[in-house]
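First the structure, in the form of structure tokens, and then the observations on it.
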Amino acid sequence: MERSGETAINIPESNSAKHKSVPLASATTKAVPLPLPQPAWKRGVSIFDFILRVCALVAALAATATMGTTDQTLPFFTQFFQFQASYDDLPTFTFFVVANAIASGYLLLSMPFSIVTIVRPHAAGVKLLLLILDTVVMAFTTAAAAAAAAIVYLAHNGNSNTNWFAICQQFNDFCQRVSGAVVGSFIAAVILICLVVLSAVALRRH
Numbered sequence: 031m032e033r034s035g036e037t038a039i040n041i042p043e044s045n046s047a048k049h050k051s052v053p054l055a056s057a058t059t060k061a062v063p064l065p066l067p068q069p070a071w072k073r074g075v076s077i078f079d080f081i082l083r084v085c086a087l088v089a090a091l092a093a094t095a096t097m098g099t100t101d102q103t104l105p106f107f108t109q110f111f112q113f114q115a116s117y118d119d120l121p122t123f124t125f126f127v128v129a130n131a132i133a134s135g136y137l138l139l140s141m142p143f144s145i146v147t148i149v150r151p152h153a154a155g156v157k158l159l160l161l162i163l164d165t166v167v168m169a170f171t172t173a174a175a176a177a178a179a180a181i182v183y184l185a186h187n188g189n190s191n192t193n194w195f196a197i198c199q200q201f202n203d204f205c206q207r208v209s210g211a212v213v214g215s216f217i218a219a220v221i222l223i224c225l226v227v228l229s230a231v232a233l234r235r236h
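Right, here's the structure in full:
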């Protein structure tokens with residue numbers, strides 16, 4: 031094209047000019063968020079949970095063994111009459127032994143699950159399962175300990191209204207052993223209550 035005696039020269043565009051500039055954001059790959067490390071308190075709670083289970087197992091086993099081996103025979107007896115006291119003479123004490131034996135077996139079986147919560151503090155399903163089972167066993171153990179405590183009280187003090195005589199003056203060793211077994215069972219029940227509260231708090235803050 032000519033204008034005023036001048037010639038215009040068309041210069042072809044370069045290949046680099048034809049291509050559109052690629053945005054930097056599209057060229058870079060999206061960063062995948064890495065899982066955040068679990069807070070240290072969760073692992074600490076799981077370790078404390080395992081320690082409590084060991085303590086509860088020792089208390090429940092001691093209560094079971096003490097009550098299950100309680101038997102006393104008074105030294106003065108004749109060929110036809112023997113004064114003997116055994117735990118299986120009372121259905122309440124038999125229930126006590128069975129309940130604490132079940133609690134001991136459960137606490138032993140629950141320890142691998144407690145170890146799983148130490149390795150994987152974010153495993154909410156395992157904690158929920160332990161929370162439910164701990165609640166059931168806690169109620170079972172508390173009921174057995176409370177029932178046995180009522181019988182121990184009557185054995186120590188008696189009840190004149192129902193003609194229940196105190197036998198601990200004669201069967202002193204028997205009463206001491208069953209009293210110790212009841213105390214051990216209550217200790218196991220209190221620890222189980224702590225386990226329930228601990229699991230509930232851990233799940234609440236999960």
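Residues in the sequence shown are numbered from 31 upward in steps of one, following the numbering used here.
Cβ coordinates follow ideal geometry from the N, Cα and C atoms, glycine included.
Being a predicted model, the structure only gives us computed values, none of them experimental.
- For the 8 Å CB-CB criterion, Thr124 and Arg207 do not form a contact.
- By a beta-carbon distance limit of 8 Å, Ser144 does not contact Arg73. Their separation comes to about 12 Å.
- Residue pairing of Asn189 in beta bridges, as defined by DSSP: Trp194.
- Membership of Gln206 in any beta strand (DSSP E) is not indicated; the residue belongs instead to the alpha helix (DSSP H) covering Asn202 to Arg234.
- Ser215 sits close to Ala175, with the two beta carbons spaced by under 8 Å.
- The three-state reading of DSSP puts Ala174 in helix, counting H, G and I together.
- Taking a contact to require three or more Cβ pairs closer than 8 Å, the region 157 to 173 and the region 182 to 195 do not qualify as touching.
- Around the beta carbon of Asp203, fewer than 16 other beta carbons sit within 10 angstroms, so the residue counts as exposed.
- Of all alpha-carbon atoms in Leu87, Val227 and Ala131, the one lying nearest the alpha-carbon of Leu158 is that of Val227.
- Put simply, the backbone Cα of Leu225 is about 36 Å away from that of Ala115.
- In the same chain as Ile217, and ignoring 5 residues on each side of it, the C-beta atoms closer than 6 Å to its own belong to Ala89, in chain order.
- Between Ala211 and Ile197 the beta-carbon gap is near 16 Å, outside 8 Å, which marks them as no contact.
- In the structure shown, Ala153 adopts coil according to DSSP, grouped into three states.
- In the DSSP assignment, Gln114 falls within the unbroken beta strand (DSSP E) covering Gln114 to Ser116.
- Non-local C-beta neighbours of Leu138 in its own chain, meaning closer than 7 Å and more than five positions away in sequence, comprise Leu87, ordered along the chain.
- The beta carbon of Leu120 is closer than 7 Å to those of Ile181 in its chain, skipping five residues each way along the sequence.
- Taking the Cα positions, Phe201 is about 19 Å away from Ala93.
- By the neighbour-count criterion, in which 16 or more other beta carbons inside 10 Å mark a residue as buried, Pro142 falls on the exposed side.
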